[in-house]
Structures are given as C-alpha cells and as structure tokens.
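Worksheet for the structure shown next.
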Amino acid sequence: MDAFSIPMEHDMPEGNRIISYKTAIQEATDQAMMHDSRVFVIGLDADDPSGMFGSLKNLSCQERVIGTPISENAVCGIAMGAALAGQRPICIHLRVDFLMSAMDIIVNYIAKWRYMFGGRVHVPLVIRAVIGRGWGCAAQHAQALHGLFAHIPGLQVVMPAFPYAAKGLLLSAIQDDNPVIIIEHRRLYDQKGHVPSEMFGLPLGKGYLMRKGRSLSIVAASLAVIDTLSAVDSNDIDADVIDLRSIAPLDMEIIRSSVKKTGKLLVVDYAYPFCGIASEICARVAETSFSDLRQPLARITFPNCSVPASGILEKAYYPSAKTIAKKALEMIK
Amino acid sequence: MDAFSIPMEHDMPEGNRIISYKTAIQEATDQAMMHDSRVFVIGLDADDPSGMFGSLKNLSCQERVIGTPISENAVCGIAMGAALAGQRPICIHLRVDFLMSAMDIIVNYIAKWRYMFGGRVHVPLVIRAVIGRGWGCAAQHAQALHGLFAHIPGLQVVMPAFPYAAKGLLLSAIQDDNPVIIIEHRRLYDQKGHVPSEMFGLPLGKGYLMRKGRSLSIVAASLAVIDTLSAVDSNDIDADVIDLRSIAPLDMEIIRSSVKKTGKLLVVDYAYPFCGIASEICARVAETSFSDLRQPLARITFPNCSVPASGILEKAYYPSAKTIAKKALEMIK
Amino acid sequence: MNTPHRLPDSTACLWMLKKMILIRRFSEYLIPIYPTDVLETPLHLHIGQEAVPVGLCVHLTDSDTISFSHRSHGPALAKGINLQSLMAELYGKITGCSRSRGGSMHLVEPELGMHGSSAIVGGGIALGAGMALAAKLSNADHISVSYFGDGATNSGIFWETLNFSALKEIPLLFVCEHNHWANNMPAHHHMYGDPLLVSKVFMESFQIDGTDVLDVYKGMAQAVGYVKEMKKPAFALCKTLRWMTHLGVSYDETHCPENMRQKSCPIQKLQTIMMSENMIDASGIQHIIAEVDQDILDADTFAKNSPFPSPDSLMEDA
Amino acid sequence: MNTPHRLPDSTACLWMLKKMILIRRFSEYLIPIYPTDVLETPLHLHIGQEAVPVGLCVHLTDSDTISFSHRSHGPALAKGINLQSLMAELYGKITGCSRSRGGSMHLVEPELGMHGSSAIVGGGIALGAGMALAAKLSNADHISVSYFGDGATNSGIFWETLNFSALKEIPLLFVCEHNHWANNMPAHHHMYGDPLLVSKVFMESFQIDGTDVLDVYKGMAQAVGYVKEMKKPAFALCKTLRWMTHLGVSYDETHCPENMRQKSCPIQKLQTIMMSENMIDASGIQHIIAEVDQDILDADTFAKNSPFPSPDSLMEDA
Ligand SMILES: Cc1ncc(C[n+]2csc(CCOP(=O)(O)OP(=O)(O)O)c2C)c(N)n1
Ligand SMILES: Cc1ncc(C[n+]2csc(CCOP(=O)(O)OP(=O)(O)O)c2C)c(N)n1
Ligand SMILES: [Mg+2]
Ligand SMILES: [Mg+2]
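Protein chains in written order, with this note's numbering: chain Y, 225 to 557; chain V, 225 to 557; chain H, 40 to 357; chain W, 40 to 357.
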C-alpha cells in the first residue's frame with residue numbers, strides 16, 4: 225500500500241485505552257509503516273536497542289529502520305532527497321541540539337524547496353527531535369529550539385503535550401505533503417493517557433482549549449501545558465488553558481477569541497525568551513487584539529541564558545507549575 | 225602591540241570626512257589589525273581580489289588575512305579555537321545564509337562557552353556576514369537571519385546602518401571579550417557618510433535616536449533605518465526614529481521612553497516576521513509599556529515566505545520607504 | 040587525446056554532439072543579452088565543460104535521478120530539461136521551470152529525475168544520496184547521481200555522504216566536475232588531497248578526462264554500469280577546464296586563454312573524430328547548429344512572450 | 040605485545056604508571072557512588088583506555104593545548120587537571136573547574152591548555168585546529184591536539200578540519216581514540232573506511248596500539264615530535280578497547296568480558312615491564328595506588344565540603 229488517509233479529529237478523545245506518550249509514538253509509527261510502504265525511519269541510533277527512549281521499539285518493519293553514522297547534516301539531506309523521490313521519511317534525533325548540525329539542510333533546503341521551485345516539488349518529511357532536561361544535561365543537551373525553526377517560512381513545527389496528540393500529530397505529519405518538525409519533550413515520554421487504537425490525525429496548525437475559564441487566557445505548548453494544567457487545577461484558577469499543539473502555523477484564532485473573553489494573556493514557553501514563540505504570540509495579540517487587552521500581557525520562559533549543569537541551578541533555571549500559578553494568580557487579582 | 229582601548233562614542237558624529245560603509249569597515253579592520261597583532265581575518269574568499277565587496281581591500285597586514293576552503297562549520301570552529309587561545313579573529317561570510325552550515329558551532333559552542341565554563345574562558349570572536357538582496361538572489365542567498373542568532377543567549381548581534389556605525393560597532397566588537405555577530409546589508413556598502421579617522425567605539429546594546437518626533441515611535445535596524453528616515457523625512461512625519469544598532473542586547477530603555485512620549489509603536493525589521501526581533505520588541509513593549517500604548521502596535525517585515533527570484537516578485541516581497549510611510553501615516557492620523 | 044578503443048555508435052555520438060552544441064550555443068546566446076539586464080539572475084555558465092554532463096547523461100534514463108548545483112545549465116540540459124522552461128526561468132517568467140521563483144541556480148524537472156538544484160555548495164550531494172536510498176528502499180532499478188564541483192568536496196556533507204553511501208550500499212554515482220576552481224580559488228588552495236585517493240577508500244572510483252566526451256562516455260559507461268549492476272556507490276572524478284569566470288558571461292582570459300580553450304574544446308574533439316570516422320560531415324554539423332540555434336531562438340521568443348508572475352501570486356506555495 | 044626497542048626512562052614510566060592508575064582509580068571510585076545520585080551528571084568513563092591520553096600527554100607541555108569531548112576525564116587528568124576541581128565539578132559544586140555550570144562533559148583548565156570540552160560530537164576537532172592556528176599566528180612553539188573518538192570521524196567537521204589543517208600547515212596533532220564504538224554502534228557500522236587511509240592523503244599518520252602505553256609513548260614521541268619540528272599537522276590512530284558501556288558505570292560484559300579486559304589492560308602491561316626492568320616492585324605499585332587513592336579521597340572530601348552555587352548566581356557569566 226502506498227498511502228493512507230486518516231480521519232481528522234480535533235477534540236481530546238475520551239476513553240480508557242491508557243498508554244504512554246512513547247508508546248503512542250511507537251504505535252503511530254508502526255501503523256504508518258504498515259499502511260504505507262513509503263514510510264521509513266532514519267537517524268542516529270534509530271536502530272539502537274533503546275529504540276529512541278522506547279518510541280521505536282518493536283516496529284513491525286524493522287528493515288525500514290535505518291541507523292546512521294553521526295552525520296546529522298547529511299542524514300537530514302538524505303532523508304530530504306528520499307522524500308523528493310517519493311518516500312516518506314521520519315528523520316529522528318535524540319536531542320534537538322543535534323539539529324544545529326543540520327541547520328543548513330533544514331533552513332536552506334527543506335524549508336525552501338517547495339516555494340523555490342514554484343510548487344513543482346514538495347518534501348513530505350517528518351523530523352522528530354527530543355528536548356532534554358535534568359541530570360546535568362547542561363547547555364548542549366537541554367535546549368528547546370523550536371523558536372528557531374518557527375522563524376523560517378516553510379517549516380511546520382508541532383509540539384505534542386499528550387499521548388493522543390503525539391499519535392495524532394505524528395500521523396498527520398506523515399500524511400502531510402510538506403515538512404513537519406515534531407519537537408517532543410523527554411519528560412513527557414512516560415506520561416500516560418487515553419489513545420484510540422485506530423489511526424487518526426490532528427489538524428496541523430490548530431490549538432485546543434483544555435480548560436475553560438473567564439479571568440485569564442494561558443497559552444502553552446508541550447511540557448508547559450502539563451505544568452499549566454497542574455497550576456490551574458490545584459489553585460482553582462479560572463483560566464482558559466490553550467494547548468497550542470502546533471507552533472507553526474500558529475492558531476491565532478483560538479488565542480484571540482480567548483483573549484476577547486478574558487482580556488488577559490499569559491504565554492508559557494519552556495524555551496529561550498528572546499525572539500521565541502511567546503514573543504510572537506504576544507506581539508500578534510498586541511497588534512490585533514489590542515482593544516481586548518485589559519492589562520499588560522505576560523510571558524513565562526527560560527531565563528535568557530544557557531542551561532547550567534548543577535542540579536541546584538537547573539532548579540533555579542526551569543519554570544514550574546508553581547511559577548505559573550504565582551504569575552496567573554497575580555494577573556487575576 | 226596586543227590590545228587597544230578606544231573611546232566610546234554614542235552620538236552620530238558631525239564632520240565631513242565622507243567615506244562609504246565598506247571603506248569604514250576596511251578602515252576599522254585595518255586600524256584594529258595594526259594596533260593589535262592578535263586581530264586576524266579568516267573566511268571563505270577573505271583573500272579574494274574582490275576583498276569582500278571592497279570591505280577588505282588593501283589591508284596593511286595581508287599575512288593575517290586567511291582565505292579558507294568552503295568549510296563554514298570548521299572555519300567558525302577554528303576561529304573560535306583561535307579566540308580561546310588568545311587571538312581576536314574576525315570570521316567573515318559573504319552571505320548570512322552560509323552561516324547556517326556553521327550553526328552547530330555558533331549555537332552549541334560560541335554562544336555557550338563562557339557560561340558553560342563558569343566564566344573561566346571567553347570567546348573574543350567577531351563574525352561578519354552580509355545580507356544579500358536583488359538580482360534574483362533567490363531564497364538561498366538573500367536571507368536576513370539575525371532573529372535566529374538573537375534567540376540564542378550568549379550571542380551579541382549588531383546591525384550597523386551607517387558608515388560611522390559600521391566602523392564604531394566593528395571596533396567595539398573586536399575589543400569586546402565576548403562573541404559579536406555583525407550583520408551588514410549589501411545595499412549599504414556604497415552608502416556614504418562622515419566617519420572620524422581615528423579609532424572609536426560605539427557601545428554594544430545601545431540604540432540611537434535619529435529623529436525626534438511626538439506622534440509615533442519607529443524602531444528599525446540596518447537598511448530599514450535608511451528607508452524609515454527617507455519615509456519620515458519626505459512625508460514630514462512627526463516621529464521618533466530609533467536606530468537599534470544592536471539587536472542583542474536590545475536597548476529597551478530608548479524604545480520605552482520613546483513610546484512613553486508617543487504612545488504609538490511601529491517596528492520595521494527587514495526579515496522574516498515569525499519569532500523575529502520585531503516580535504520581541506512588540507512583546508516587550510506590550511508587557512512593560514502597556515499603559516503607555518494608545519493604539520495597537522504594528523510591525524513591518526518580510527512576508528512569511530522565502531525570497532523569490534523573479535524581479536517582479538522581489539519587488540512585491542520587499543517593504544520600502546513607501547510601505548513605511550503609508551503605515552506610519554495611517555498610525556498617526 | 041587518447042582515442043578510445045571502441046567508439047560509441049553513431050546514435051550516441053550524434054546525441055552527445057548535439058547536446059554539447061546545445062549547451063554551448065545556449066550559453067553563448069546568453070553572453071550578449073546578459074549585459075542588457077533582461078535576465079536578472081546570477082549566471083554560472085557551462086561553456087567548455089560540456090563533455091562531463093553530456094558523457095554522463097547519455098547513459099542515464101529519464102527515471103535516473105540527478106542532483107546538481109549553481110552551475111546548473113549543463114547537467115539540466117544534458118538530462119533533458121525543456122529549453123523553453125529553462126529560458127523562461129532565466130527571464131523570471133511564470134512559465135519557467137520553477138515558475139519564476141528559482142532563477143538560474145534553481146532548476147527543476149521532477150519527471151526527468153531533477154528534483155531541484157541548490158545554490159548552497161555541498162548539500163545537493165546528500166540529496167542525490169537520498170534519491171539513491173529511495174531507489175533502494177523501493178526496489179527500483181534506477182540509479183541516482185550527485186553532481187558537484189571540486190569546491191563542494193571541501194564541505195563536510197560531502198564526506199558524510201561518502202561514508203553513508205558506502206555503508207548503506209546505495210546506487211549512487213558521485214560525479215565531481217573538477218574544473219580546478221571554486222570561484223577565484225584554485226583547487227590546490229581549497230583541496231589538499233586528490234579526492235580520488237579518498238573516494239577509493241570508500242568505493243569503486245574512476246578518473247576521467249572531462250574535456251574529452253569520449254573518455255567521459257567510456258568512463259561513465261563503466262561507472263553507471265557498476266552502480267546499476269552492483270547497486271553500490273561509485274565515484275567519478277572528471278577533470279575539466281572552466282573557460283569562463285566563475286560568475287557571469289566573461290571568458291577567463293587569464294587562466295584559460297584562447298589557445299588553451301581551442302586545444303581542450305570537447306566539441307572540437309568529438310567533431311574531429313566523428314568526421315574522421317565518417318559519422319558526420321561539415322554540413323551535418325552546420326545542420327545541428329542551425330537546428331539548435333532555432334530551438335534557442337524559439338525558447339527565447341517563448342520566454343519573452345511569456346507573462347511575468349503576478350505580484351499577487353507572491354505567497355503561492357509558501 | 041611488542042616490546043619497544045628502547046624503554047622510556049624511569050621518570051617517564053613512573054609518570055605514566057601513576058597517571059594511568061589515577062585515571063583508573065578515579066573512575067572506579069565513581070562506580071559505587073554514582074548510583075547514589077550524588078553526582079547528577081552523565082558520566083563517560085575512561086577505564087581501559089588510559090594508555091592513550093597518558094602516552095600522549097607525557098610528551099606535552101603545559102602550554103600545548105588540547106581539545107576533547109564528552110569522554111573527558113582521561114585526557115583532562117592526563118593533561119593535569121586539578122583533581123579536586125574535577126571532582127567538585129561532578130558534584131555540581133561552585134568549586135568545580137567549570138564553576139558547576141559544566142558537569143562531567145564540560146571540563147576546563149585554561150592555564151593547562153584546556154579551553155573547554157564539548158558534548159556535541161565533532162566540533163572540538165575544529166577548536167583544536169583553531170588553537171594550532173593561534174600558535175602559528177603568534178609564532179609560538181607549542182602545538183595543539185584535537186582528541187576525539189572513532190565516532191567523531193563520521194562528522195563533516197572532522198573532514199573539513201583535516202583539509203584545512205593540511206592546507207594551512209598548522210601545528211595540530213589529530214588523536215583518534217578508536218575504542219571501536221560510538222554509543223552502541225560498532226565502528227564498522229559508522230565508519231566504512233580505515234581513517235588512516237584517509238588521513239594519509241592529508242598528513243603524516245601513525246598507527247598506534249592504544250592498549251599499550253609504551254606503544255603510545257613511542258608513537259606519540261614521533262607524532263608530537265613531527266608536529267613540533269615540522270610545524271605541520273599529523274594524525275595518530277590509537278585503537279583501544281572500551282571496557283565500559285558508553286554511558287554510566289557498568290562494565291560492558293558482552294563486548295569486553297573479563298578475560299579480554301585482563302589481556303588488554305594497559306596498566307598491567309606497563310607494570311609487568313617495569314617490574315621486569317626493575318623500575319618498580321609490588322610495594323612501589325602499592326605505594327602509588329595508596330597515594331592516588333588518598334588524593335581521590337581528599338578530592339572527594341573537598342568536593343563534598345564545597346558549597347553548591349547559589350541559585351541567585353544563575354545568570355552569572357550569561
Ligand atoms: C556553503 C556555501 N559557501 C559559499 C558559497 C559561495 N559559492 C558559490 S559557488 C562557489 C564555488 C563552488 O566551486 P565548485 O564547487 O568547484 O563549483 P564550480 O563553480 O567550479 O562549478 C562558492 C564558494 C556557497 N554558494 N555556499
Ligand atoms: C552531533 C552529535 N550527535 C550525537 C551525539 C550523541 N552521542 C554522544 S557520544 C556519542 C558517541 C561518540 O562516539 P566516539 O566519538 O567514538 O566517542 P566515545 O564515546 O567512543 O569515546 C554519540 C553518538 C552527540 N553528542 N553529538
Ligand atoms: Mg569548480
Ligand atoms: Mg568510540
């Protein structure tokens with residue numbers, strides 16, 4: 225078979241088929257590979273026994289899982305070439321940081337190909353990369369660089385926060401004819417939740433309202449959604465909580481309509497602050513929903529420095545549910 | 225001699241020693257090399273007869289100008305290694321786009337070294353790169369990627385708009401103990417203006433008020449400053465015009481105090497819109513000068529797509545003095 | 040010039056002669072019109088180097104893929120790009136092969152295995168390898184070619200792709216069109232070692248006289264044949280001469296003066312042999328030139344008469 | 040083991056024995072404490088590979104520079120890093136060599152020519168070359184070493200640096216500590232060709248038995264001597280065995296079982312020769328071990344008693 229067509233869901237599904245985030249990724253990968261012989265997995269340690277932190281274990285089509293040398297730039301280029309020639313590669317990276325070696329291919333090639341050739345070619349390529357954190361990972365192994373990719377026209381960037389989104393967004397990305405970068409968070413890999421067993425997709429570029437409230441809009445993605453929910457739930461904060469799911473394209477509609485209601489915006493992005501996705505959201509809201517705003521909007525991000533190794537500094541570095549709750553309560557009162 | 229100490233100017237100097245932007249760069253480079261034997265120039269085509277669009281012609285210390293193979297990643301790493309070992313390299317690139325090949329070294333090494341080693345080492349390295357434009361340069365040769373660099377903590381990014389700033393910022397960058405990326409615009413190379421003959425520096429991280437007005441604050445950098453001035457001057461627009469000079473660190477003080485006065489903000493950045501420096505400025509103003517704002521702030525940037533080759537599309541792509549004037553007049557009335 | 044033992048048959052010789060003349064005449068046609076600024080796009084001409092793409096592509100089928108770089112006209116025409124869509128692309132017209140978004144350095148024709156050329160040195164080598172991997176994964180019989188200059192061997196991605204291809208046994212032919220220059224940098228300033236000494240560590244390697252299309256024909260017959268049959272990568276180093284300056288439409292009189300050009304002209308060499316073998320006579324050659332020139336004129340007319348893209352279409356395919 | 044013709048003098052032998060024992064005992068000391076989570080930082084141990092850094096560094100002066108990577112303890116200790124500041128860095132204490140910002144993979148000691156180690160594979164090779172360029176530009180006499188694993192040869196920056204160094208004739212010694220693995224990937228899965236066949240195209244190259252410190256001593260004497268004298272780059276390939284799993288504190292019993300370890304132990308090998316040459320006896324060895332162990336204990340006490348960084352200092356040096 226060489227294509228699949230999946231129903232597009234949007235809501236968070238109900239049910240109790242509880243599996244982990246990593247298993248959801250594994251399941252989506254496995255189903256895609258079984259239903260479409262063009263899908264293959266490529267990347268450093270793709271064939272390692274650890275199976276990319278478990279997300280690639282026990283795949284049915286092991287012959288289409290290609291481990292590679294430590295050559296991230298060429299490997300991304302090779303994955304892209306295969307995509308141009310009709311395959312559907314999933315190019316994996318154990319750390320987002322390693323993608324910096326492949327920036328030439330990502331920025332100058334993958335992002336530009338479709339436009340630069342007037343739509344005569346397209347690059348159906350999925351890049352997966354994991355954000356690390358903790359255990360003294362230090363500055364080169366714990367970056368969240370989605371803002372860099374989002375800056376570049378032609379790249380779609382998604383950040384699933386839940387197992388069902390990990391599955392749905394991955395399947396949508398594989399089915400999409402254009403490149404999608406999926407940024408996963410290592411801390412989410414063991415999180416569990418209901419995931420439908422059948423194949424389904426979540427629309428790229430659409431956020432989802434996780435909690436309904438009246439006093440504040442909180443926008444977040446990936447791990448920051450989990451912390452935001454915990455902050456909101458355990459402090460009875462009367463806030464809209466929007467899980468962005470995609471950061472490029474950005475679902476401004478859902479943000480605007482929430483801000484229209486609440487008049488207050490807090491963006492939580494676990495990444496460097498400067499020129500990040502939180503900046504973009506705040507700028508857009510200030511541009512186009514200005515009159516809805518009742519007070520200054522606010523951001524919670526990493527501080528403007530690299531991640532330190534020492535645990536005690538790591539703790540000072542990372543925002544948490546507590547940071548979010550504090551800020552949210554401040555903004556509401 | 226192995227160091228120089230230059231007076232720090234801030235104002236735009238008066239005088240009529242009129243030289244071009246490229247000559248100003250040449251002069252700064254030459255003076256730095258003559259006053260500090262640690263300063264050297266390295267990069268692809270550094271020793272080409274064209275002298276990097278004229279900015280490296282006729283240097284006195286030609287033996288410290290090192291042409292390299294097409295190996296941008298290694299060359300940036302080598303420049304950094306030399307900096308760690310006590311030299312003061314200026315690593316040059318004829319197009320900003322080529323820096324994507326060196327992103328691993330720039331993001332994971334150059335930006336992080338000082339912090340990651342607790343301040344025990346520092347990287348006194350200058351990277352120069354030129355933004356291209358026009359003549360069907362197309363998507364891979366006309367990018368302005370300063371937003372990417374600005375996202376990364378540990379990188380200073382400056383964008384001189386005038387010959388005197390080209391000289392002053394370059395000398396400050398060379399003198400600085402930490403890495404500075406200088407983004408120059410090809411279109412500015414032949415622009416002329418007064419430049420003092422002696423060595424002087426402009427403070428990194430400080431903007432400059434080019435025009436004083438009451439009705440609007442316009443913030444811009446590099447070529448966008450020139451277009452903004454032309455828009456403002458030829459339409460008698462009563463606006464503050466701020467030349468950022470540095471985009472990281474960002475001089476928020478000058479922006480905030482202007483917005484406090486005018487209540488209106490327009491940011492002009494000739495770059496991709498999403499997660500760019502214009503987003504950052506707007507977000508910060510909306511965060512911290514919210515009550516000063518009398519209407520929605522606005523941005524003028526490239527559209528969210530790659531640069532096309534065809535001249536007619538290029539024209540549709542690039543903002544101009546006209547675009548700026550139109551928007552500014554709209555915002556004032 | 041060493042005469043090859045067996046000459047290719049006359050169909051092949053005629054095909055190669057015509058293709059080389061096409062590349063030559065097309066490029067020469069651009070020389071006078073370029074300074075008039077009707078083509079706003081940076082040109083890297085292939086004059087003098089025609090033997091390499093032509094002696095390669097004569098062995099390729101439409102489904103064989105090829106990736107190449109900024110010096111794009113030669114390989115694109117040899118692989119069969121439509122002349123009109125190429126010309127229109129140079130004119131920035133919507134009928135261009137890249138619908139006016141690409142310009143001279145960014146050519147495409149997916150149906151002929153050209154999935155887009157890059158103006159950033161190096162990366163295209165990996166794209167070619169990816170297409171070879173795709174062929175292997177889909178059990179297809181075609182091969183892929185990564186076509187690049189001597190300067191591109193400087194880049195890390197060249198090395199990474201060499202290693203990957205050898206490890207994974209993909210049907211990829213590396214073709215290095217070694218014209219001794221990367222911009223104004225002579226090869227011995229940018230590459231220390233003979234690339235063939237390196238490639239031999241990884242794969243079957245061929246040294247080819249890139250100024251002699253019959254040597255290219257013979258060498259590529261072996262190289263392409265090896266890749267097709269063994270389904271393994273191979274490397275072909277083709278030394279040739281760059282007649283022009285790196286960019287633009289001037290002859291490089293300093294480094295490649297007239298007498299050098301005459302001695303090394305691949306078209307002259309082939310014509311001489313074909314004539315001595317009675318495959319063609321002077322009028323036959325004139326006929327080819329006339330035919331080619333007419334095609335070029337037609338393409339020019341087509342391009343001139345084609346519309347520019349609408350400014351409103353700026354964001355299409357973004 | 041081939042006995043080298045001339046043994047280094049006893050000062051050198053004692054220096055090497057003590058350094059190797061220091062690296063070994065230090066690493067072994069970490070094994071039991073790592074699972075207690077007092078060191079929150081990813082450890083890549085050097086056990087079994089001690090001969091390479093030690094046989095190299097015995098020839099280096101303090102002003103010679105060296106860049107290395109995630110597997111950092113061996114080269115850092117061999118080059119002379121202060122044991123207390125190394126230990127404190129592993130504990131995340133402010134007295135650590137990187138003031139607690141770096142952890143195990145990011146060690147630094149500028150005064151000893153260690154300008155910081157990287158945890159991204161590859162780039163450090165270029166840093167070492169930059170330090171060599173600095174030596175050349177400032178007419179200094181010292182040399183620089185780029186120290187890296189077999190896996191790092193996969194990366195494009197390795198290739199680019201090889202070419203650059205040969206072209207520019209910089210005093211750089213490439214040392215490839217080839218332990219046959221990159222994480223769980225055996226070398227034949229990640230490198231197709233023998234790296235020495237490639238390096239020979241660019242520079243003087245040496246093959247060294249990395250499990251035998253006397254062979255390393257001899258080879259590095261030549262290699263370091265060549266670079267110092269000729270002021271040109273050279274390459275040393277040191278094949279050795281990784282006793283441990285890639286990361287963490289377990290022995291890799293599958294790929295490097297006990298009997299293999301015993302046969303290839305560089306410390307055992309040196310001890311045997313030194314004893315047979317009457318350079319040391321059993322009690323002398325015991326004495327070294329005791330001394331080293333005491334230093335390690337002192338370092339541990341120092342580290343434990345050192346303060347953590349203040350959370351308020353987070354942004355220092357940002
Ligand atoms: C990464 C990168 N660096 C620099 C350039 C500028 N550049 C364009 S063509 C060229 C020379 C390429 O030489 P070669 O590969 O031998 O191709 P040739 O032009 O000789 O056909 C250079 C340096 C580029 N396009 N990309
Ligand atoms: C660019 C990059 N890709 C992947 C990794 C993950 N990684 C860390 S160490 C390692 C193996 C390195 O092998 P080698 O260079 O032989 O060093 P060794 O661990 O054997 O000493 C890998 C793949 C990395 N750190 N950097
Ligand atoms: Mg060339
Ligand atoms: Mg190894």
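Glycine included, each C-beta is placed from N, C-alpha and C at the ideal position.
Rounded straight-line distance, which links the Cα of residue j to that of residue i
i      : j      : result
E251/V : S229/V : 16 Å
H227/W : I505/V : 51 Å
G431/Y : G267/V : 44 Å
M304/Y : P114/H : 21 Å
G487/V : L474/V : 20 Å
V299/V : F373/Y : 24 Å
P43/H  : V255/H : Here P43/H scores only 48 on pLDDT, less than 50, and its place in the model should not be relied on; the value that follows carries that caveat. Taking the straight line joining both Cα atoms gives about 10 Å.
W326/Y : Q367/Y : The sequence given here has Ala at residue 326/Y, not Trp. Roughly 15 Å separates the two Cα atoms.
F386/V : R469/V : 9 Å
S303/W : S183/W : 29 Å
G232/H : W198/W : 11 Å
L46/H  : L253/H : 8 Å
R110/W : R241/Y : 43 Å
DSSP beta-bridge partners of residue i
i      : result
G188/W : E216/W
A338/W : Paired residue(s): none; A338/W is not in a bridge.
M283/W : Y290/W
C277/H : E216/H and I247/H
Y432/Y : D467/Y
H317/Y : A353/Y
G142/W : According to DSSP, G142/W bridges with nothing at all.
G267/Y : G291/Y
E296/Y : None; E296/Y has no bridge partner.
CB contact flag (residue i, residue j, <9 Å)
i      : j      : result
N402/Y : H365/Y : no
F107/W : S156/W : yes
M259/H : L53/H  : no
A545/V : A445/V : no
M242/H : A205/H : yes
S194/H : A168/H : no
R352/V : I302/V : no
Y413/Y : K246/Y : yes
E128/H : A533/V : yes
D254/V : N282/V : yes
G135/H : S345/H : yes
M170/H : K118/H : no
Contact belief for residue i with residue j at Cβ below 8 Å, rounded distance in angstroms
i      : j      : result
A389/Y : R435/Y : No, A389/Y and R435/Y are not in contact; Cβ-Cβ is about 16 Å, not under 8 Å.
M126/H : D339/H : 6 Å
H112/H : F187/H : Going by Cβ atoms, the distance from H112/H to F187/H rounds to 15 Å, so no, they are not a contact pair.
F341/Y : S137/H : 5 Å
R523/V : V491/V : 5 Å
L116/H : L61/H  : 6 Å
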